[in-house]
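J.:
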Amino acid sequence: MISMHKLGKSYGEKRVLRDVDLELPRGGFAVVTGPNGSGKTTLLRICAGLALPSVGEVHVDAERAEVGYLGHEPLVYRELTALENLELYGRLYRVPERRERVGMLLERFGLWDVRHERVASYSRGMTQRLALCRVLLHDPALLVLDEPYTALDSQGAELLDAQLGELRDERTFLVSTHEPVRVERFATAQLALA
Amino acid sequence: MNYLADVRALARKDLLLELRARDTLPAMLLFVVSVFVVFHFSLPSSSSDLAANGLLWVAIVFTALLGLGRAFVPEREQRVFDGLVLAPSDRSAIWVAKSIATFTFLALAELLALPVFALFFHGVDGTTIAAVLLADVGICGVGTFVGAMAVVTRARDLLLPLLFLPLAIPILIGGVGASVVDAPGRYLAFLGLYDALFALVCWAAFEYVVTE
């Protein structure tokens, strides 16, 4: 599903990625590791279609509608409520039976009771849960998750574990993390960036 | 139909954000009234109506610039722009919706600004109002397009006026012309042509602006 060969990315003089190769078949689960500044986020942004490589080739066999991207930022509006944010994304992603899907995700991630509150009033962990709802809303075939466990408490992390376990066999994953132990039971490939 | 529904949802979101945050329209209102007050006391009492017309258009362009500078702030602060760009909907819908929202804020600011102008200087006729509305369309369309380019750069606060003001010169020419001549038809037509031409260019090119 993802194929990259000799991929490189530079911002001006600064080279962020160099000679990265990865073959991730449909249904695979790749874990990307590496220290801060090693280019994990850049690599994931390229795979999600948010950035272009400077050199090399990358092929992602998924339409925009089939990609779910979780970045460092939650990509939700702080002045809107959780419900309004997910309704907006559901509209843009043409999610069928949008209301039911939004309600189910908010319930699952423990945000149903605060669905009418503005995101600005949420804790960082609650915002991350909402971001996960946004990623899963359109049931993507490819999930590109950048540090998905960031800011989650133990209950949130367990919820995410359960979600990953549930989707593991049906979806393709590209996950960057500083805690590879957490997802190693799902992994079929590992990419260590220097 | 999906396209229009996307535009409606995105524009509604922008209006809702402003209704809650209230950080664009009040600033525009304060600015435009302040400008007229300053002009009122700095212009000699013997100055002509022609000079006052010029000031009206300067105030409109700079008030619009204030609104345009804030247009993409919610998207920039939470990097929501990434989320919108990733969605499978047509990306030009983002531009259309943001232009509609900016147009609404500018028109609301002018709803107060024009009576204040009439109070301090001279009355505003129907031709000037038509010219202002036509100019608003061009200002918001082009300004939103340029704002989307500027928002991803580090020097966005500098880049927006640098890119926008040269593109707004034809609007000023058309607006001032329509306000001061006896037969404003060709100036209004010029503004209409500018709106149509730049709307088409911005609509078609927006996809490339938001793609790296």
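Line by line, the protein sequences are chains A and B. Quick note on numbering: numbering that gives the first Met the number 0 labels position 159 of the first sequence as 158, and the sequence is numbered without any gaps. Quick note on numbering: numbering that gives the first Met the number 0 labels position 121 of the second sequence as 120, and the sequence is numbered without any gaps. Backbone N, C-alpha and C define an ideal beta-carbon position, used for all residues, glycine too.
How many Å lie between A64 of chain A and R133 of chain A at the Cα?
T.: Taking the first sequence and counting its residues from 1, the one referred to as residue 64 of chain A is at position 65. Taking the first sequence and counting its residues from 1, the one referred to as residue 133 of chain A is at position 134. Those two C-alpha atoms are separated by around 13 Å.
J.: Rounded to whole angstroms, what is the Cα-Cα separation between F197 of chain B and A161 of chain A?
T.: Taking the second sequence and counting its residues from 1, one reaches residue 197 of chain B at position 198. Taking the first sequence and counting its residues from 1, one reaches residue 161 of chain A at position 162. Taking the straight line from one Cα to the other gives about 51 Å.
J.: So the alpha helix (DSSP H) V175 of chain B belongs to, where does it begin and stop?
T.: Here residue 175 of chain B refers to the residue found at position 176 when the second sequence is read from its first residue. Taken as a continuous stretch (DSSP letters only), the alpha helix (DSSP H) holding V175 of chain B covers R155 to V179.
J.: Starting from Q154 of chain A, trace the alpha helix (DSSP H) in both directions and tell me its first and last residue.
T.: The residue labelled residue 154 of chain A in the question sits at position 155 within the first sequence. According to the DSSP assignment, Q154 of chain A belongs to the alpha helix (DSSP H) that extends over S153 to L166.
J.: Would DSSP call T32 of chain A helix, strand or coil?
T.: Stepping through the first sequence from its first residue, residue 32 of chain A is reached at position 33. Three-state result, T32 of chain A: strand.
J.: Is there a Cβ of chain A sitting closer than 8 Å to that of G66 of chain B, yes or no?
T.: Along the second sequence, read from residue 1 onward, the residue named residue 66 of chain B stands at position 67. Not an interface residue.
J.: Anything in the segment 79-95 of chain B with a Cβ closer than 9 Å to a Cβ of chain A? List those residues in chain order, please.
T.: Under the 9 Å Cβ criterion, the segment 79-95 of chain B contributes V79, F80, D81, G82, L83, V84, L85, A86, P87, S88 and A92.
J.: Could you say which of B:R21, B:L118, B:V150 and B:D135 lies nearest to G191 of chain B if we only look at CA atoms?
T.: On the second sequence, residue 191 of chain B is found 192 positions in, with the first residue counted as 1. For the residues B:R21, B:L118, B:V150 and B:D135, the minimum Cα distance to G191 of chain B belongs to B:D135.
J.: Measuring straight from C-alpha to C-alpha, what distance separates A81 of chain A and L110 of chain A?
T.: Working through the first sequence from its first residue, we reach residue 81 of chain A at position 82. Working through the first sequence from its first residue, we reach residue 110 of chain A at position 111. Taking the straight line joining both Cα atoms gives about 8 Å.
J.: Let me check understanding here. Comparing Cα to Cα, which of B:M148, B:A92, B:P25 and B:A188 lies closest to E109 of chain B?
T.: Indexing the second sequence from 1 puts residue 109 of chain B at position 110. The shortest Cα separation from E109 of chain B among B:M148, B:A92, B:P25 and B:A188 belongs to B:P25.
J.: When you compare each of A:F28, A:K8 and A:L21 to L163 of chain A by their alpha carbons, which one comes out closest?
T.: Taking the first residue of the first sequence as position 1, residue 163 of chain A is located at position 164. Checking every option, the nearest Cα to that of L163 of chain A belongs to A:F28.
J.: Using a Cβ cut-off of 8 Å (strictly closer), state whether G55 of chain A contacts chain B.
T.: The residue labelled residue 55 of chain A in the question sits at position 56 within the first sequence. No, G55 of chain A does not count as interfacial toward chain B.
J.: For R77 of chain A and V84 of chain B, I'd like the C-alpha separation in whole angstroms.
T.: Working through the first sequence from its first residue, we reach residue 77 of chain A at position 78. Working through the second sequence from its first residue, we reach residue 84 of chain B at position 85. Near 18 Å, if we compare the C-alpha coordinates of V84 of chain B and R77 of chain A.
J.: What is the DSSP secondary structure of D20 of chain A, counted as helix, strand or coil?
T.: The sequence position of residue 20 of chain A within the first sequence is 21, counting from 1. Strand, per DSSP.
J.: Cα separation between E183 of chain A and R75 of chain B?
T.: As a first step, residue 183 of chain A is located in the first sequence; it is residue number 184 there, counting from the start. As a first step, residue 75 of chain B is located in the second sequence; it is residue number 76 there, counting from the start. Cα-Cα distance, rounded: 34 Å.
J.: With 8 Å as the threshold, decide whether the Cβ of A20 of chain B is near any Cβ in chain A.
T.: Along the second sequence, one-based indexing puts residue 20 of chain B at 21. At least one chain A Cβ lies under 8 Å of A20 of chain B.
J.: Give the C-beta separation of R78 of chain B and T23 of chain B to the nearest angstrom, bearing in mind that I take them to be a contact with Cβ-Cβ under 8 Å.
T.: In the second sequence, counting from the first residue as 1, residue 78 of chain B sits at position 79. In the second sequence, counting from the first residue as 1, residue 23 of chain B sits at position 24. Not quite, the Cβ-Cβ distance comes to about 20 Å (not below 8 Å), so this is no contact.
J.: Take G26 of chain A as the anchor and find which of A:L192, A:V143 and A:R98 has the nearest alpha-carbon.
T.: The sequence position of residue 26 of chain A within the first sequence is 27, counting from 1. Checking every option, the nearest Cα to that of G26 of chain A belongs to A:V143.
J.: Taking A4 of chain B as the query, report the chain A residues whose CB atoms sit under 9 Å from its CB, ordered along the chain.
T.: On the second sequence, position 5 is the one that residue 4 of chain B refers to. Chain A residues near A4 of chain B: R90.
J.: What does a CB cutoff of less than 7 Å around P169 of chain B pick up in its chain, not counting 5 residues either side in sequence?
T.: In the second sequence, residue 169 of chain B corresponds to position 170, counting from 1. Excluding sequence neighbours, P169 of chain B sits near Y193.
J.: Are there 16 or more other CB atoms within 10 angstroms of the CB of G66 of chain B, so buried, or fewer, so exposed?
T.: In the second sequence, the residue the question calls residue 66 of chain B occupies position 67. G66 of chain B should be labelled buried.
J.: Considering only the beta carbon of each residue, do A140 of chain A and R170 of chain A sit closer than 8 Å?
T.: For the purposes of this step, residue 140 of chain A is taken as residue 141 along the first sequence, with counting starting at 1. For the purposes of this step, residue 170 of chain A is taken as residue 171 along the first sequence, with counting starting at 1. Less than 8 Å separates the beta-carbon of A140 of chain A from that of R170 of chain A.
J.: Determine whether the Cβ of A100 of chain B lies closer than 8 Å to any Cβ atom of chain A.
T.: Against the second sequence, residue 100 of chain B aligns to sequence position 101. So no, A100 of chain B is outside the interface.
J.: Can you tell which of B:A20, B:D5, B:A8 and B:W94 has the C-alpha that lies nearest to the C-alpha of V141 of chain B?
T.: For the purposes of this step, residue 141 of chain B is taken as residue 142 along the second sequence, with counting starting at 1. The shortest Cα separation from V141 of chain B among B:A20, B:D5, B:A8 and B:W94 belongs to B:W94.
J.: Within its chain, find whatever has a CB closer than 6 Å to the CB of F144 of chain B; leave out the 5 residues flanking it on each side and keep chain order.
T.: Here residue 144 of chain B is taken as the residue at index 145 of the second sequence, counted from 1. C201, listed in sequence order.
J.: Counting only C-beta atoms, is L110 of chain B closer than 8 Å to chain A at any point?
T.: Walking along the second sequence from the start, residue 110 of chain B turns up at place 111. By this cut-off, L110 of chain B is not an interface position.
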